[in-house]
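Protein chains in written order, with this note's numbering: chain A, 803 to 1138; chain B, 803 to 1138.
Beneath this line is the structure, given in structure tokens, with notes to follow.
Number of protein chains: 2
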Amino acid sequence: MSSPTLEDVARRAGVSTATVSRCLNTPDSVVPNTRDKVLRVVAELGYTPHFGGRALASNRSNTIGAVIPTMDNAIFATGLQAVQETLAEANVTLLVASSCYDPERELEQIRALVGRGADGLILIGIARTQKTYDFLHRRQITYVIAWNYRSDEKHCFAGFDNVEAAERITKQVIDYGHRNIAMIAGVTEYNDRATDRVIGVRNALNLAGLAGDQMQVVEASYSLKKGEEALDKILQRSPQPTAIICGNDVLAVGAINKAKQLGMRIPEDVSITGFDDIELAAVVEPRLTTVHVPHKRMGKAAARLLLAMRDDRKNCHSIKLETHTVLRDSLGTILK
Amino acid sequence: MSSPTLEDVARRAGVSTATVSRCLNTPDSVVPNTRDKVLRVVAELGYTPHFGGRALASNRSNTIGAVIPTMDNAIFATGLQAVQETLAEANVTLLVASSCYDPERELEQIRALVGRGADGLILIGIARTQKTYDFLHRRQITYVIAWNYRSDEKHCFAGFDNVEAAERITKQVIDYGHRNIAMIAGVTEYNDRATDRVIGVRNALNLAGLAGDQMQVVEASYSLKKGEEALDKILQRSPQPTAIICGNDVLAVGAINKAKQLGMRIPEDVSITGFDDIELAAVVEPRLTTVHVPHKRMGKAAARLLLAMRDDRKNCHSIKLETHTVLRDSLGTILK
DNA sequence: TAACAAAATGCAAGCGCTTACATTAAATAT
DNA sequence: ATATTTAATGTAAGCGCTTGCATTTTGTTA
């Protein structure tokens, strides 16, 4: 039932618990002879240090936590996988919790992870309650923000500029001749990435003299079905847009499906673009023109950053990752 | 720097540490008046119990671990999300590690999670080294096996019968008139799910008098690209099969893509079926006929089971989830 | 070989929490 | 009102580990 303890090892090896502990943590401070003897017993007993005891005594856990909106979203799952791999190389374990896009719940989960001694946290995006930030700062928690980037010294980022990326793809759409553009956005409440993407689209429109502030925006939560519904809503208004920019690929694919069901041709009758470049984007027909986000590299970067900050709290060099537009088939030209 | 401790709370609330502990763990054993007072202080101080202390004193970590092949696969990500949500309701945290389909690595990760005091483990499938099972048993680790099911009392399952499901869809393919059937399977080495699916297809073929043992099987790792390559390999042989059964949806979609590139019509020129029913399956054109697996329900079931077993180790009632074939457009009839 | 410095090891005090058990307060019976 | 039961709270002993400091061993120097 009960696992062997440090003391069991010590007794059996005929040394003190301190020596055993040192064999495990600072092997160089123990004479080889003793060390071998101890390690042999460790192997013999199949001893594994008790994490709780260790955390309690050393105030360090070799654990980092990630609180993501949901794993049930390829972009986070992919990123998290990269985080996990990077962390595993450094013998650090990953604690995962999901907030389900609810700020209260995020704080709850952050509390739980900190309570279990996470040495650092990976958080998604910037938008969270002041209460959460207060907690983070009061407790001096090391954290990095992923999936967004700001040139803001207050936080440490490993992300990309959502505004910029949205501006870029919108400009592309405009360059293709579109003048009447609508947007299916992700839910912007409590979601800075979704919000930034809307801002980016509006910016680009304004810059081209197209009254971005009057652009039709329909918000939809992350699912194919909601994307379909959103398209319906957009089509009710006339004149109908010639291009629909979507806040993420899932919504875009939903919109494409619906459009096809309605007998519309893409991109001849309407152009549709996405954001994220998940696997789906290259498979749907027509293949989706979208913003490529390097999710794996981002996960790796976030993990590395956190590892570095763990050793030196102030060692915070935010990383800005670059995105680019992938031109595929769902965006077409408007001939004047 | 240092977080408030139980004692800080106790002092400030003017009670003993025991009372504070009880307020947090067994609130009913404290009179409401006292409880409110204590909880107010807890909130005031932003107190979070220290995991290490708790684990040490109670010999329970309120943590369960999951070792999955990779999160970068929608089926596991989806399932894991359900696990996490179910666990969170019980105030249990989820530790995640990935084995990358490598048995040695799986053992390593299991060791790490157990070392960190996981009260139980969720493991994927049955195939693992004897060494791993020895470790699990010697340490009397509570674990449940997900994504597969056997009527085998040795383990505790929360999964489905891969053989049966593969038999079912194969029978469907045969019923549609196909006689020359090939398979693109996932990598079967160290992967009982992939192996079982091949067995199921062969069984059904044999049962229909179609020499399942001679069926052409090409193995491919989990990616669209490998699915495409596998299709190429299959088409080299003649006579070409009229139906290709794939071990998972990703391979199936890869095969569909390639077939379309080659100018083949699906299902007129060749039928293709998948397995898993991920989101992609309903989006690809033609929509994929596949085996629906209730990943979310499976995750939830696995978590519940583990939670139950935590309280009573012997309380192991394996759960068999049902799958069914979803008929969509990628499987067509052969007219005789 | 004695005297001393340096290296290795042991001792023991916690780290923050839970939980038997002891004590006190409240509720009920007499 | 008092004795007795029951509920609420307090006391204090660890849980397994790390680590500062004391002690012992080993190595060095004169």
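By construction, the Cβ of each residue, glycine as well, lies at the ideal position given by its N, Cα and C atoms.
Spatial distance of B/M1100 from A/G979 (CA atoms): Rounded to whole angstroms, B/M1100 to A/G979 spans 48 Å at the Cα level.
Beta carbon proximity, B/P843 to chain A, threshold 8 Å: Here residue 843 of chain B turns out to be Val, not Pro, going by the sequence shown. False, the Cβ-Cβ gap to chain A never drops below 8 Å.
Span separating the alpha-carbon of A/M803 from that of B/Q942: Residue placement at A/M803 is flagged as unreliable, the pLDDT there being 46, under the threshold of 50; a coordinate-derived value is accordingly withheld.
Same chain, Cβ closer than 7 Å to A/R970, neighbours up to 5 away in sequence not counted: The residues T1127, in chain order, have a CB closer than 7 Å to that of A/R970 in the same chain once the five nearest residues on each side in sequence are set aside.
Stretch pair the stretch 858-867 of chain B + the stretch 842-856 of chain A: three plus CB contacts closer than 8 Å: Three or more Cβ pairs drawn from the stretch 858-867 of chain B and the stretch 842-856 of chain A lie within less than 8 Å of each other, which places the two stretches in contact.
Neighbour flag for A/G1029 against chain B, beta carbons, 8 Å: No, its Cβ sits nowhere closer than 8 Å to a Cβ of chain B.
At least 3 beta-carbon pairs within less than 8 Å: the stretch 988-1007 of chain B vs the stretch 1016-1025 of chain B: Cβ pair count under 8 Å is three or more, so yes.
Residue nearest to A/V1095 in terms of C-alpha spacing, selected from A/K1116, A/D1051, A/M1017: For the residues A/K1116, A/D1051, A/M1017, the minimum Cα distance to A/V1095 belongs to A/D1051.
Alpha carbon of A/V1000 to alpha carbon of A/V885, nearest angstrom: Within the model, the alpha-carbon separation for A/V1000 versus A/V885 is close to 28 Å.
C-beta contact flag for B/T821 and B/V840 at 8 Å: One thing to note: B/T821 has its Cβ within 8 Å of the Cβ of B/V840.
Secondary structure, beta strand (DSSP E): runs of 3+ residues fully inside the stretch 910-991 of chain A: Segments of the beta strand (DSSP E) lying fully in the stretch 910-991 of chain A: 922-926, 945-948, 959-961, 983-987.
Other residues of its chain near A/T850: CB distance less than 7 Å, five sequence neighbours each side excluded: Answer for A/T850: S805, listed in chain order.
Three-way DSSP call (helix, strand, coil) for B/D994 in this model: In the structure shown, B/D994 sits in a helix (DSSP, three-state: H, G or I).
Sequence ranges, alpha helix (DSSP H) only - wholly within the stretch 810-852 of chain B, length at least 4: Runs found: 819-827, 834-847.
Exposure label - A/V833; buried when at least 16 CB within 10 Å: Counting every other CB atom within 10 Å of its CB across the protein chains shown gives A/V833 a total below 16, marking it as exposed.
Exposure label - A/R918; buried when at least 16 CB within 10 Å: So A/R918 counts as buried.
Which of helix, strand or coil DSSP assigns to B/V1052: Residue state for B/V1052 is assigned as helix, using DSSP reduced to three classes.
For B/I1046, the nearest candidate out of B/L1033, B/S1040, B/Q1038 (CA to CA): When each option's Cα is compared against that of B/I1046, the closest is B/L1033.
Sufficient close CB pairs (3 or more, under 8 Å) joining the stretch 957-965 of chain B to the stretch 903-912 of chain B: Judged by Cβ distances under 8 Å, the stretch 957-965 of chain B makes no contact with the stretch 903-912 of chain B, as fewer than three pairs qualify.
A/T872, DSSP secondary structure in three states: In this structure, A/T872 counts as coil in the three-state DSSP scheme.
Span of the alpha helix (DSSP H), counted from its first residue to its last, around B/A1104: Residues 1097-1113.
Top-ranked residue by Cα proximity to A/I983, from A/Q1042, A/D954, A/T872: Minimum Cα distance to A/I983 is reached at A/Q1042.
Any 3 or more C-beta pairs closer than 8 Å across the stretch 1128-1136 of chain B and the stretch 1067-1084 of chain B: With the rule of 3 Cβ pairs closer than 8 Å, the stretch 1128-1136 of chain B counts as touching the stretch 1067-1084 of chain B.
Any 3 or more C-beta pairs closer than 8 Å across the stretch 937-952 of chain B and the stretch 922-929 of chain B: By the Cβ test, the stretch 937-952 of chain B is in contact with the stretch 922-929 of chain B, since at least three Cβ pairs between them sit closer than 8 Å.
Outcome for B/P829 when other beta-carbon atoms lying within 10 angstroms are tallied against a minimum of 16: With fewer than 16 other Cβ atoms within 10 Å, it is exposed.
Secondary structure of A/T1044, DSSP reduced to three states: Three-state DSSP puts A/T1044 in coil, outside helix and strand.
A/R824 versus B/E908 - alpha carbon distance: A/R824 and B/E908 have their C-alpha atoms some 28 Å from each other.
B/R970: CB within 7 Å of a non-hydrogen atom of the ligand MN: In terms of ligand content, the structure shown is empty, and the ligand MN therefore cannot be addressed.
For A/L897, the three-state DSSP class (helix, strand or coil): In this structure, DSSP gives A/L897 an extended state, which the three-state scheme calls strand.
Neighbour list for B/N1059 in chain A, Cβ cutoff strictly below 9 Å: Simply A1084, V1085.
Cβ-Cβ distance between A/F937 and A/I912 below 8 Å: At a Cβ-Cβ threshold of 8 Å, A/F937 and A/I912 count as neighbours.
Per-residue DSSP class, three states only, for B/K1116: Reduced to three states, the DSSP call for B/K1116 is coil.
Listed by chain order, chain B residues near A/M873 by CB distance under 8 Å: Within 8 Å Cβ-Cβ: M873, A879, T880, L882, Q883, Q886.
Residue span of the beta strand (DSSP E) that contains A/V1020, given as start and end: Per DSSP, A/V1020 belongs to the beta strand (DSSP E) from 1019-1021.
B/R1004 classed as buried or exposed, judged by whether at least 16 other C-beta atoms fall within 10 angstroms: B/R1004 is buried by the Cβ-count criterion.
Beta carbon of A/I1080 nearer than 8 Å to that of A/A876: Their beta carbons are under 8 Å apart, which means A/I1080 touches A/A876 by this criterion.
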